[in-house]
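Visitor: Take this structure first; my questions come after.
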Amino acid sequence: MKKIILVFLISMVPVVELRGALPYALGPWMGQPLPLLQAYLICIIG
């Protein structure tokens, strides 16, 4: 749940938006990356 909230908050930042939040959600630095569809939907909602 913490990862989802973090991706959501990153996608809300006007400078970063989807271009920064989606790679963060899928990257190896999150441990277990979020599934692509779930990460995409969270970024769009944010």
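So the mapping is simple: our numbering equals the position in the sequence shown, first residue as 1, plus 26. Cβ atoms here follow ideal geometry from the backbone N, Cα and C, with glycine treated the same way.
Go ahead and pull the three-state DSSP assignment for residue 33.
Guide: In this structure, residue 33 counts as helix in the three-state DSSP scheme.
Visitor: Can you tell me the Cα-Cα spacing of residue 59 and residue 71, whole angstroms?
Guide: So the alpha carbons of these two residues sit roughly 18 Å apart.
Visitor: How far does the alpha helix (DSSP H) with residue 64 in it extend, from its first residue to its last?
Guide: Its alpha helix (DSSP H) spans residues 62-71.
Visitor: Could you compute how far the alpha carbon of residue 35 sits from the alpha carbon of residue 57?
Guide: Looking at the two C-alpha atoms, the distance is approximately 18 Å.
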